[in-house]
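Going left to right, the sequence shown walks through residues 946 to 1816 as the numbering used here numbers them.
By construction, the Cβ of each residue, glycine as well, lies at the ideal position given by its N, Cα and C atoms.
Step one of this worksheet: look at the structure below.
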Amino acid sequence: MVATWTPAASADYYTKQTAYYTGETGVEPRGVWFAPAGDHGLVDGAVVEAALFDRLFSGKDAEGQSLVTNGGGRINRVPAFDVTLSAPRSVSLMWALGGADTRSAIEAAHADAVRQTLQLVEKEAAFARRGRGGSRIERVSLSAAVFRHGESRPAEHADGFTFADPNLHTHCVILNLATRSDKSVGALHSTVLRDWKMATGATYHAALAAGVMKAGLQIDRIGSNGVFEIASVADETITYFSARRQEIVEELKTAGEHAERSAALAAAIARSSRKVKDKDGIDRELAWRDATRRIGFTAVAVIENQRRSFDDAGQHNEAVAERLAAIPAKLTETRSVFERRDVVRAVAEALVGSGLGAERIDVEVSKLLETAEVVELGRDRIGLPRYSTPEMVRIEREVVDMAAGMAKSLSFQIDGERLVADCRKRGLSEEQQIAVTYATGKAGIAVVEGAPGTGKTTLLAPAVTAWKTAGYRVVGAASAWRVANTLRDDLDIEARATASWLARAEHGLPFLDAKTVLIIDEAGLLASRDMHGLLTAARVAGAKVLLTGDRGQLQAIGAGSGLRLVAEAIEAVRVQTIVRQREAWARDAVAAFGRGQADKALAGFAERNLLIEADGEKAAVKAVVDRVDQYLGSSKPNSFLIVAKTNAEVAAISREVRTRLREKHLIRGEDIGIDAVTPSGHANRVDIAAGDQIRFLVRNDRVGVINGTVGRVIAVKPVGPGTDRAFRNHATLTVRIGDRTVQFDSSELTDEQGRARLGLAYASTIYGAQGATVEQTAVLVSPAFDRHDIYVAVSRARGETALVVDSRRIDKEMAAADLSLPEPDQDSRRRWLGERMAIAHIKQTTLDYLPSERDAPEPVRSRTWEADHAL
């Protein structure tokens, strides 16, 4: 981790290792205080003395009394927060092996970067709560003990040698003591401090990169959050000297997380599996030099190759200006509303590699926020600003206005009596009949929301029949091709992915007219921009739009929530009665998850032995596959589904399934490795053999597949490396898809980096599962699940749904979240999971922050809806 934020370990953890953490062994330098305000009698830059550190860590004054004036007697008070800033591994290698001058220069750059980062955190994220329930916040100063270290925990390396890798990092132990304006002492607003973690890391990277460049070293491989490496230090060298890091990454992979997305889990893994550091430090530099000889790495050669004079004129290069100018658009790719910390992080990222350090961040942030490209929408509940762009404000306001206008357009007419008769003939419930008659009203737009499994597709059938009988053309749209194809097959209509319809419109190929009804399924996944595009096309053409979906299920990947915006303007009809699950308790559990009553729902699963605890990730994967083992290799469609949160978890499950299919002799022949890519764009190596079930992750008209198409491999043959590096690892596959057989080369399905858009089809992420209906489901549940995730995952099966959890991972994350918790047991784990699964992360829109007196339209419904469609 390059920048982590965790509650500091217990006082006992620090005080037992006082000599190590305060530098008294001589291996590491003495810790120093960061205390610009001089709170608690501290002197900024003074050496950290063990006794004083221990006392303040415990929150006590010189007389042993609590410093905290409100709630200071809490036994479980978090004493401090450990913000750890770690140099990229190539920087640590050059610090350890580059000679005295290089070491001094890098140490100075690192120290300056740490200082600038803490200054930014103090300025931007240091608050104390005030008022009843902490409803107000007040800016405060920070006091932190800063400990610089130079090694990681010992770990076994690829060649079998065990030693501690060079790892230049600093623990910034921020005391949870906030001196307020009236001189009282309270606690820091830990949530704000934690939320600035990514911006903190980006700031450190920007400052360190500038210092490293001033020392004469070039940098490259600039990545997410500004992470970089020193040029000419090979990836293989970095990997070799990252043995401890690899241990943690491997455990994160098995847990289905990437380190940058799961800092808390990474920290918990590090704490739970760390070995005792070598405190005498006698052999560490000798071990490093021996290792460089074994792998052929020479730091001096890197210095000679990369040293250059710092070019001041390069500070204002065009690339940096372009990156800064692109920030507003980048920030609104996946959200409509962003915060100051997002702007700081984006600016810091943009500066990495320019030679400009953290001192320039505030200047560029101010310039950006003062331009017309960013607007302040308002303040959140604790008074911090929220921003967006004029484009997003316009788009989302126009969606509301268009929806309101279309709702008042009463030009669509059907035979109501025939519709009612058809509904009754099909056996629709009264609730479903009301939804159908509302959907087919005269208004130009309608919204039918419903919990998963309420039969939304069933109620669409009589509506489609009524529209077609009245002479209307009906077309369908959905975010995913798979869902669109289901609409096509179930309703006998033309249906496409939303992106396909919008692309046709952008190329001058209108797809709607005044005699068309557009059904948009799973509309909760529609982002604001896509909703704007579809409504614009419908309004111009005079077409009718019916939105079906559920705001409580998965949220849009893009910025904003199109369905929420439409619901601002028109009144939706909701179908509540779940019919998919056969057993009443299961239907009740799905509804409870949707309401945020996860503890109640989990109890129902536990009572029926369907909440299964496994000891470790491997055991959890085996347990989740055990639940559907009888179906493995079945040719019956929609018999089962395995669901997990991440692509990494899906890959682990697929490996286990393949092992079992090999044992059953359902997979045959040699595994052929293909360089592939996951749905989220990460590199992936996929082994494929005859008998494997694969999923296509891209549309290809020649092969006749779309994103989500599943087929069974009949034969696979490797193709030689050839001359094109992009297609070095590919194969020719013969695949059975439905009732047809196709043959293709995996190079026909590659992305811009030559990676095949193919994957195994034995498990699905939650996003891939939404809209599916199967007989039985097994869910690998993780602490990363929120209300939307569990709501979708448990609502797929008509029959049994089993939930499998990794108790070891839960214990680690519980400890990382609250160091004062007792030893976990089944009940405490279930309560903790329930709390996590009760949390909803509804996509915000710009309308959430616009002034309440804005001239927004009131929700409307067709004036003649009840008269025209009374049952």
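>> On a Cα-Cα basis, can you pick out the residue from P1397, I1175 and A1303 that is closest to Q1526?
In response: P1397
> Roughly how many whole angstroms lie between the Cα atoms of D1646 and A1593?
Replying inline: 29 Å
> Nearest-angstrom Cα distance between A1676 and S1692?
Replying inline: 8 Å
> Can you name, in chain order, every residue of its own chain whose Cβ lies under 6 Å from the Cβ of E1439, other than the five neighbours on each side?
Replying inline: V1420
>> Please state the DSSP three-state secondary structure of V1086.
In response: For clarity, residue 1086 is Ser in the given sequence; the question names Val instead. S1086 falls in the coil class under three-state DSSP.
> What does D1751 pair with, by DSSP beta-bridge criteria?
Replying inline: A1559
> Among R1418, S1445 and V1462, which residue has its Cα nearest to the Cα of N1430?
Replying inline: S1445
>> Under DSSP, the alpha helix (DSSP H) around S1333 begins and ends at which residues?
In response: Note, S1333: premise wrong, no alpha helix (DSSP H); beta strand (DSSP E) at P1330 to S1333.
>> According to DSSP, simplified to helix, strand and coil, what is P1273?
In response: helix
> Below 8 Å, can you find three or more Cβ-Cβ pairs linking the region 1000-1014 to the region 1026-1042?
Replying inline: no
> Helix, strand or coil: which one does DSSP assign to H1377?
Replying inline: The sequence shown places Gln at residue 1377, rather than the His named in the question. Looking at Q1377 - three-state DSSP - the assignment turns out to be helix.
> Alpha carbon to alpha carbon, what distance is there between S1031 and A1204?
Replying inline: Confidence at A1204 is low in this model, with a pLDDT of 43, below 50, so its placement is unreliable and the value that follows should be read with caution. Distance between the alpha carbons of A1204 and S1031: 14 Å.
> Helix, strand or coil: how does DSSP classify W1141 here?
Replying inline: coil
>> Can you tell me whether T1636 is buried or exposed? The criterion is at least 16 other CB atoms within 10 Å of its CB, across all chains shown.
In response: It is Gly, not Thr, that sits at residue 1636 in the sequence shown. Classification of G1636: buried, given that the 10 Å Cβ count is 16 or more.
>> Among the candidates V1392, A1264 and V1462, whose CA atom is the shortest distance from the CA of I1359?
In response: V1462
> Where does Q1771 sit, in a helix, a strand or coil, going by DSSP?
Replying inline: helix
> From P1099, T1148, S1037 and E1362, pick the residue whose C-alpha is nearest to that of A1244; which is it?
Replying inline: S1037
> Nearest chain B C-beta to A1628 closer than 8 Å, yes or no?
Replying inline: Of the protein chains in this structure there is only one, and it is not chain B.
> Using CA coordinates, which residue listed in A1071, F1186 and T1710 is at the minimum distance from R1098?
Replying inline: F1186
> Are the region 1154-1171 and the region 1065-1075 touching by the rule of at least three beta carbon pairs closer than 8 Å?
Replying inline: no
> Where does T1182 sit, in a helix, a strand or coil, going by DSSP?
Replying inline: helix
> Mind checking whether the beta-carbon of D1684 lies closer than 7 Å to any heavy atom of the ligand FAD?
Replying inline: Summarising the ligand content, the structure contains no ligands, and the ligand FAD is consequently not present.
> Alpha carbon to alpha carbon, what distance is there between F1108 and D1632?
Replying inline: 34 Å
> What does a CB cutoff of less than 6 Å around R1519 pick up in its chain, not counting 5 residues either side in sequence?
Replying inline: E1394
>> Tell me which residues share the same chain as R1753 and place their Cβ nearer than 7 Å to its Cβ, disregarding the 5 neighbours each side in the sequence.
In response: D1560 and G1561
> By a C-beta neighbour count over all protein chains shown, 10 Å radius and 16 as the cutoff for buried, is D1437 buried or exposed?
Replying inline: exposed
>> I'd like the list of long-range same chain contacts for V1566, defined as Cβ closer than 6 Å, with 5 residues on each side in sequence excluded.
In response: A1597, I1598 and E1601
>> Buried or exposed for F1538, going by 16 or more other Cβ atoms inside 10 Å?
In response: buried
>> As a quick exercise: from D1235, L1492, E1362 and L1404, pick the residue whose alpha carbon is nearest that of S1424.
In response: L1492
> In its own chain, which residues sit with a C-beta less than 6 Å from the C-beta of I1735, not counting the 5 before and 5 after it?
Replying inline: F1538 and M1782
> alpha helix (DSSP H) containing H1055: first to last residue?
Replying inline: A1045 to A1070
> Quick one: is L1231 buried, meaning 16 or more other Cβ sit within 10 Å of its Cβ, or exposed?
Replying inline: exposed
>> For a test of the three-state rule: what should DSSP assign to R1326, helix, strand or coil?
In response: coil
> Taking just the CA atoms, how far does L1087 sit from D1235?
Replying inline: 42 Å
>> Measuring CB atoms only, is the region 1602-1610 touching the region 1764-1779, in the sense that at least three cross pairs come out at less than 8 Å?
In response: no
>> I'd like the list of long-range same chain contacts for G1549, defined as Cβ closer than 6 Å, with 5 residues on each side in sequence excluded.
In response: W1530 and A1534
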